[in-house]
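With the numbering used here applied, the sequence shown closes on residue 1057, and no number is skipped along the way. By construction, the Cβ of each residue, glycine as well, lies at the ideal position given by its N, Cα and C atoms. One structure is given here, and the rest of the page talks about it.
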Amino acid sequence: MDYQQILENIYQEIKPYTSVGQQADYIPALAKINPDQFGMCIHTIQGETFKYGEATTNFSIQSISKVFSLAMCLSLEGDSLWKRVGKEPSGTAFNSLVQLEAEKGIPRNPFINAGAIVMTDILLNHLKHPEEEYLRFVRAVSGNSQTNYNKEVAMSERENGYLNASIANLLKYHRNIDNDIERVLRFYFLQCSIEMSCYDLSQAFLPFANHKQTFSFEGITLTASQVKRINAIMQTCGFYDEAGEFSYLVGLPGKSGVGGGIAAVYPQRYSVAVWSPRLNRKGNSVMGIKALELLTTQTQESIF
Ligand code: GLU
């Protein structure tokens, strides 16, 4: 398969969408980014790499970090995690309070904000040096020792994070948060602020594509079956209330973030990351979704 040629064809086809959509601006630090950027990178499980555009430019991975948090929580907490968070698509916005209230403080899944805030609480219960250990794990899966938090983005989000603070308070009211709320939010926003390029992100998702290999990084180990299940949750819950649409258009498990990134996997074949900051109304990258739709259409490869 000539993935390099396919990446070039994809860009030619999606160019007309360059100025469609808006970058996230509810986090002031993200509003400053040049929205007219596009990068894409594929890593195959045979070890080949194909990249296009701004594939080595760092961006804010935001909710894509929720996949790393889930991997750590499953390894550290095991199946008792599922007493505190569900596995169903939410069908509501990533930061919705309504559903959380109706369902008495049990978030629908680990990939909406409420679910990730609960996972952050679980990580705080298990880790002695949470910020350092989290980063060490992400650096190990991405293979890049320079991967880091962007403290300015984290602070900017904390200063404006009224809705996430409400979610954390509601969770605490329902006794689904053990630690101090401020401590939990601080760590949650730091996870979201991690910066990676498409190249690094795609590398970091390769172990999820290659789920029959042992998953073991910095003491975080998962069985093949646990990795398979993380992929299943990506498939059903990875795109806010657009998970069905993404499944329909693209047909790969993946996770998006409001920084404009999307990481996806084709199990046993490749991992892919794409980034373009302009988002649609559901919070997903316009060019990112288009690019992945074309990838699975042109290659005629998808899990379906
Ligand atoms: N830090 C963002 C928030 O909590 C993450 C949202 C996202 O990427 O979905 O609002």
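Pull up the CB-CB distance for residue i and residue j, whole angstroms please, since I reckon it's below 8 Å.
| i | j | result |
| --- | --- | --- |
| S828 | I934 | That belief does not hold up - the Cβ atoms of S828 and I934 are roughly 25 Å apart, past 8 Å. |
| E1046 | L1002 | 4 Å |
| S772 | D789 | 7 Å |
| F812 | G1013 | 7 Å |
Grab me the residues of residue i's own chain with a C-beta within less than 8 Å of its C-beta, minus the 5 sequence neighbours each way, in chain order.
| i | result |
| --- | --- |
| A996 | P842, Q988, T989, C990 |
| N903 | A782, S813, S946, I947, E948 |
Kindly indicate which three-state DSSP category residue i falls into: helix, strand or coil?
| i | result |
| --- | --- |
| A1017 | strand |
| Q1051 | helix |
| I796 | The residue asked about is misnamed: residue 796 is His in this sequence, not Ile. H796: strand per DSSP, three-state reduction. |
| Y1023 | strand |
| G806 | strand |
| E856 | coil |
| I759 | helix |
| L850 | coil |
| Q753 | Beyond the ends of the chain as shown, which are 754 and 1057, falls residue 753; an answer cannot be given. |
| L888 | helix |
| N901 | strand |
Of all the options the options, which has the alpha carbon lying nearest to the alpha carbon of residue i?
| i | options | result |
| --- | --- | --- |
| I1042 | Q1053, N903, E1054, A1017 | A1017 |
| E948 | Y915, F958, Q815, S1055 | Q815 |
| I870 | L850, H882, G1013, S898 | L850 |
| S898 | F890, I859, G1014 | F890 |
| L943 | F958, K925, N848, E910 | E910 |
| A777 | R1034, I759, L877, T1049 | R1034 |
Name the DSSP beta bridge partners of residue i, please?
| i | result |
| --- | --- |
| S1009 | I1015 |
| F961 | Bridge partners of F961: none, in fact. |
| S969 | T974 |
| V812 | Here residue 812 is Phe; the residue named in the question, Val, does not match the sequence. In the DSSP output, where bridge partners are listed per residue, F812 has M949. |
What residues in its chain sit with their C-beta under 7 Å from that of residue i, if we drop five residues either side in the sequence?
| i | result |
| --- | --- |
| F1057 | G1004 |
| K840 | N862, I986 |
| P1020 | A962, H964, N984, I1056 |
Please go through the same chain and pick out, in chain order, the residues whose beta-carbon is closer than 6 Å to the beta-carbon of residue i, but skip the five residues on each side of it.
| i | result |
| --- | --- |
| S1009 | F992, I1015, N1037 |
| K981 | H964 |
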